[in-house]
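Q: Protein chains in written order, with our numbering: chain A, -17 to 54; chain B, 147 to 409.
(1) In the region 158 to 178 of chain B, which residues sit with their C-beta less than 7 Å from some C-beta in chain A, listed in chain order?
(2) Assign residue 404(B) to buried or exposed, taking buried as 16 or more other Cβ atoms, counted over all protein chains shown, within 10 Å of its Cβ.
(3) Kindly give me the distance between the Cβ atoms of residue 195(B) and residue -13(A), rounded to whole angstroms, as I take these residues to be in contact under 8 Å.
(4) So what does residue 50(A) bridge to, in DSSP terms?
(5) Looking at chain B, is there any beta carbon in it that lies within less than 8 Å of the beta carbon of residue 21(A)?
(6) Using a beta-carbon distance below 8 Å, is residue 207(B) in contact with chain E?
(7) With DSSP collapsed to three states, give me the class of residue -13(A).
(8) Please report how far the alpha carbon of residue 285(B) lies from the alpha carbon of residue 273(B), in whole angstroms.
(9) Can you pull the chain B residues whose beta carbon is under 8 Å from the beta carbon of residue 30(A), in chain order?
(10) Note down the Cα distance separating residue 158(B) from residue 170(B), rounded to an integer number of angstroms.
(11) Alpha carbon to alpha carbon, what distance is there between residue 281(B) and residue 293(B)?
(12) Which runs of the alpha helix (DSSP H), 4 residues or longer, sit entirely within the region -14 to 40 of chain A?
(13) By DSSP's criteria, residue 306(B) is part of a beta bridge. Which residues make up the other side?
(14) For a cutoff of 8 Å on Cβ pairs, would you count residue 13(A) as touching chain B?
(15) Go to residue 341(B), then tell me how far its alpha helix (DSSP H) extends in each direction, as first and last residue.
(16) Report yes if the C-beta distance between residue 388(B) and residue 351(B) is below 8 Å; otherwise report no.
(17) Are residue 255(B) and residue 232(B) touching if we call contact CB-CB under 8 Å?
(18) Just verifying my parser: in three-state terms, what is the DSSP assignment at residue 159(B)?
(19) Using the Cβ count rule (16 or more neighbours within 10 Å means buried), how would you classify residue 44(A)?
(20) Going by DSSP, what residue range makes up the beta strand (DSSP E) through residue 222(B)?
(21) Tell me, please, whether the CB atom of residue 383(B) is closer than 8 Å to any CB atom in chain A?
(22) Would a check of beta-carbon distances place residue 48(A) closer than 8 Å to chain B?
(23) Going along chain A, which residues have a C-beta under 7 Å from residue 343(B)?
(24) Which residue marks the beginning of the beta strand (DSSP E) containing residue 113(B), and which one marks its end?
(25) So, for residue 320(B): in the same chain, excluding its five sequence neighbours on each side, which residues have a beta-carbon less than 6 Å away from its beta-carbon?
(26) Please tell me whether residue -4(A) has its Cβ less than 8 Å away from any Cβ of chain B.
(27) So for residue 172(B), helix, strand or coil by DSSP?
(28) Classify residue 291(B) as helix, strand or coil using the three-state DSSP reduction.
(29) Could one say the Cβ of residue 51(A) lies closer than 8 Å to chain B's Cβ atoms, at least one of them?
(30) With 16 as the cutoff for other CB atoms within 10 Å, does residue 222(B) come out buried or exposed?
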């Protein structure tokens, strides 16, 4: 964690900073995404959607946020 | 055989879910999401395959598939296309289950980029793990009756052999092995990959397959919506032809008009 209390995380391979006590739901919303339409993997573990409101982002977290796209 | 008198009475069931359309279509390679949605509607498909990919966090306002094809009306079948190991495929489907909230998935573990042939060792491994985790995998596979049986034993809810390489449009190159798989299977068999035009879909259905899955044949047609309609008709025609039971082939001609009473 940095001096301003923010966390450094990776989201889909991109580096981002988020405020210290951000929940997963807040982080997803702040990215302009609908939490009901995405799935999240945190440090290679699936995060159940039902816990998005209660799980807090931690410094160093590595996230994959995915959704359905066209495919064969 | 007790053939149903109407196609609506001739549904098929996979993992406890019954569908009336025997055509599954992919949602890749379309020029636009509008065209994609129109083609799905014209095909009559009740299941579409979808891919699981990273959201674009730099531009989250991009149009989304779910805005054009409603997952409440059409069953989304998450696919692992692009995965080359069991671990990648399993990871993808765990995310897909969380995103979609259902267990019915399509497993596809590829062996190499040149042929996109399935890697059956990894495919079998992934099938066993997925089944243990409560998934209901429909499995893309080689046209090998023994491998198909092994997949079924591992818990695959549908067997989906290729008719020709993915995206090739070469048609059903392996009628004998597809028929052998159909005869030996006690779960649905769907030809997945290889269909290029409507007659190919009819061939697959005439071999006794429960359904056909295709993407490129529709998406890369000059008129995808019209081709989707053609595929719907072909799958229905092929199914009815299979149920009707074709005539025996003869080596020589046999006149259709009576020989008696010729002037």
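Heads up, the beta-carbon is just placed ideally off N, CA and C, and yes, glycines get one too.
Fair warning: this is a prediction, and the values are worked out from it, not measured in the lab.
A: According to the structure data:
(1) Result list: 172, 173, 174 and 176.
(2) Position 258 of the second chain holds residue 404(B). It counts as exposed.
(3) Numbered from its first residue, the second chain carries residue 195(B) at position 49. Numbered from its first residue, the first chain carries residue -13(A) at position 5. Wrong, their Cβ atoms sit about 44 Å apart, outside the cutoff.
(4) Residue mapping note: residue 50(A) aligns to position 68 of the first chain, counting from 1. Its beta-bridge partners are 198(B).
(5) Translated into the one-based positions of the first chain, residue 21(A) becomes position 39. Cβ-Cβ to chain B under 8 Å: yes for residue 21(A).
(6) Chain labels in this structure do not include chain E; the protein chains are A and B.
(7) The residue labelled residue -13(A) in the question sits at position 5 within the first chain. In the structure shown, residue -13(A) adopts coil according to DSSP, grouped into three states.
(8) In the second chain, counting from the first residue as 1, residue 285(B) sits at position 139. In the second chain, counting from the first residue as 1, residue 273(B) sits at position 127. The alpha-carbon atoms of residue 285(B) and residue 273(B) are separated by roughly 8 Å.
(9) For the purposes of this step, residue 30(A) is taken as the residue at position 48 of the first chain. The answer, in chain order, is 244.
(10) Reading the second chain from its first residue, position 12 is the one you call residue 158(B). Reading the second chain from its first residue, position 24 is the one you call residue 170(B). Rounded to the nearest whole angstrom, the CA to CA distance from residue 158(B) to residue 170(B) is 12 Å.
(11) Within the second chain, the letter at position 147 stands for residue 293(B). Within the second chain, the letter at position 135 stands for residue 281(B). Approximately 20 Å between the Cα atoms of the pair.
(12) DSSP runs (the alpha helix (DSSP H)) wholly in the region -14 to 40 of chain A: 6 to 12.
(13) Walking along the second chain from the start, residue 306(B) turns up at place 160. DSSP lists 286(B) as partners of residue 306(B).
(14) Within the first chain, numbered from 1, the residue matching residue 13(A) stands at position 31. Interface with chain B (8 Å Cβ-Cβ cutoff): residue 13(A) is included.
(15) One-based indexing of the second chain puts residue 341(B) at position 195. In the DSSP annotation of this structure, residue 341(B) is not part of any alpha helix (DSSP H), being labelled neither H nor E.
(16) Taking the first residue of the second chain as 1, we reach residue 388(B) at position 242. Taking the first residue of the second chain as 1, we reach residue 351(B) at position 205. Contact flag set, yes.
(17) Indexing the second chain from 1 puts residue 255(B) at position 109. Indexing the second chain from 1 puts residue 232(B) at position 86. Their beta carbons are under 8 Å apart, which means residue 255(B) touches residue 232(B) by this criterion.
(18) Stepping through the second chain from its first residue, residue 159(B) is reached at position 13. Residue 159(B): strand per DSSP, three-state reduction.
(19) Here residue 44(A) refers to the residue found at position 62 when the first chain is read from its first residue. Taking all protein chains shown into account, residue 44(A) has fewer than 16 neighbouring C-beta atoms within 10 Å of its C-beta and is therefore exposed.
(20) The residue given as residue 222(B) occupies position 76 in the second chain. Its beta strand (DSSP E) spans residues 221 to 225.
(21) Counted from its first residue, the second chain places residue 383(B) at position 237. Chain A contact via Cβ: absent.
(22) Position 66 of the first chain, counted from the start, is the residue given in the question as residue 48(A). Taking Cβ atoms only, chain B reaches closer than 8 Å to residue 48(A), which makes this a yes.
(23) On the second chain, position 197 is the one that residue 343(B) refers to. Result: empty, since nearest Cβ-Cβ is about 17 Å, beyond 7 Å.
(24) The first residue shown for chain B is 147 and the last is 409, placing residue 113(B) beyond what the model contains.
(25) What you label residue 320(B) is simply residue 174 of the second chain in a count that begins at 1. If we look at residue 320(B) and ignore the five residues flanking it on each side, its Cβ neighbours are 289.
(26) Walking along the first chain from the start, residue -4(A) turns up at place 14. The Cβ of residue -4(A) sits closer than 8 Å to at least one Cβ of chain B.
(27) Start at 1 with the first residue of the second chain, and residue 172(B) comes out as number 26. If DSSP states are grouped into helix, strand and coil, residue 172(B) belongs with the strands.
(28) The count along the second chain starts at 1 and reaches residue 291(B) at position 145. Shown here, residue 291(B) sits in a helix according to DSSP, grouped into three states.
(29) Counting from one through the first chain, the residue named residue 51(A) turns up at place 69. Yes, residue 51(A) counts as interfacial toward chain B.
(30) Position 76 of the second chain, counted from the first residue, corresponds to residue 222(B). With 16 or more other Cβ atoms inside 10 Å of its own Cβ, residue 222(B) counts as buried.
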